[in-house]
Amino acid sequence: MNINQFTLAFISLAAALTVPLPCAAHDDHDHGARVAIRDDCDPNDPAWAPSGGCHRKQGDVNFAEFSFELSSPLSAAVVGHQAWRMDPSYLEIEPGERVHLTNRGGRTHTFTEVQSFGGGKIPNPALNKGLLTAPECPASIDIPAGGKAELSGLAEGNHHFQCCIHPWMRAVIKVKREED
Ligand SMILES: [Cu+2]
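Everything in the sequence shown is counted per our numbering, starting at 1307 for the first residue and increasing by one.
Here it is, written out as C-alpha cells:
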C-alpha cells in the first residue's frame, strides 16, 4: 500500500490554529517544503451546508459556480473549478525533506498518494466524470478546513498526490538528491 511509503501525521486542528507548524525551521537540513491545499468557497452561500459547509472567512465561489465549472463541453472528463487546487502542484524536495500540508480552503480535502491519477471517493458522478476511481481513494484521510498534515519518508522518484474528493486537484512531488 502506498500509505506505507510515507507517514501522514496529523496535527490536531485546535493546535494547528494556535501554534506554528512544527517545521524544523531551525534545522538547516530540513526547512520543510510546503503545500497549500486551496479552494475559494463563499461562506455566505448556504448551498455548501449539506456537504459540510464552507469554513472560510471570505471566498468568492458559490456552489452554483463550483458546479458549473466542474465540466467543459470540450472534455469527456471532469475539469473542476481551478480555485480548488494544490499549491504548488509540482515541487522538488531532497530525500529526507518533509512536506508540510495545510488546508487553506474552506472545504474538506485529501492529499492522497496514488499510483495513477484517477477518480475520487465521493459517489457523485459529476465530481468524477470520465475517471476510474483511484484504488487508494476509498481509504483516503480527510483533511478538514484549517487542518494540517505532514509527509515524510518519501522515496526518491516521482510521487503522485490527489484530492480524493476533487480529483482534478493534483500534485507531483519529485524527490531528487541534489548533485554536488
Ligand atoms: Cu479537494
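Virtual Cβ for every residue (Gly too), placed ideally from N, Cα, C.
Remember, it's a predicted structure, so these values are computed and weren't measured experimentally.
- Rounded to the nearest angstrom, the gap between the Cα atoms of G1452 and D1345 is 12 Å.
- Under the three-state reduction of DSSP, S1458 is assigned to strand.
- With contact defined as three or more Cβ pairs closer than 8 Å, the segment 1435–1455 and the segment 1406–1415 are in contact.
- A contact is defined here as three or more CB-CB pairs under 8 Å, and the segment 1392–1401 fails this definition with respect to the segment 1418–1428.
- Here the distance from the Cβ of I1471 to the nearest heavy atom of ligand 1 is below 7 Å.
- Distances between the C-beta of W1390 and the heavy atoms of ligand 1 include at least one below 7 Å.
- In this structure G1402 is exposed. Its beta-carbon is surrounded by fewer than 16 other beta-carbon atoms within 10 angstroms.
- Within 10 angstroms of the beta-carbon of G1425 lie 16 or more other beta-carbons, which makes it buried.
- Bridge pairing for F1423: absent [DSSP].
- Two segments are said to touch when three or more pairs of C-beta atoms, one from each, lie closer than 8 Å; by this definition the segment 1348–1355 touches the segment 1365–1373.
- A distance of 8 Å or more separates the beta carbons of T1439 and A1342.
- Boundaries for L1397: no alpha helix (DSSP H) harbours it, while the beta strand (DSSP E) harbouring it runs 1396–1399, taken from the DSSP string.
- Taking 8 Å as the cut-off, the Cβ atoms of V1405 and P1473 do not count as close.
- Annotated as distal: V1481 and L1457, with beta-carbon spacing of 8 Å or more.
- The closest CA to that of R1483, considering only N1464, I1471, W1390, is found on N1464.
- For the segment 1428–1457, the full-length alpha helix (DSSP H) segments reaching 4 residues or more read 1431–1434 along the chain.
- Just so you know, the alpha carbons of A1477 and E1462 end up roughly 16 Å apart.
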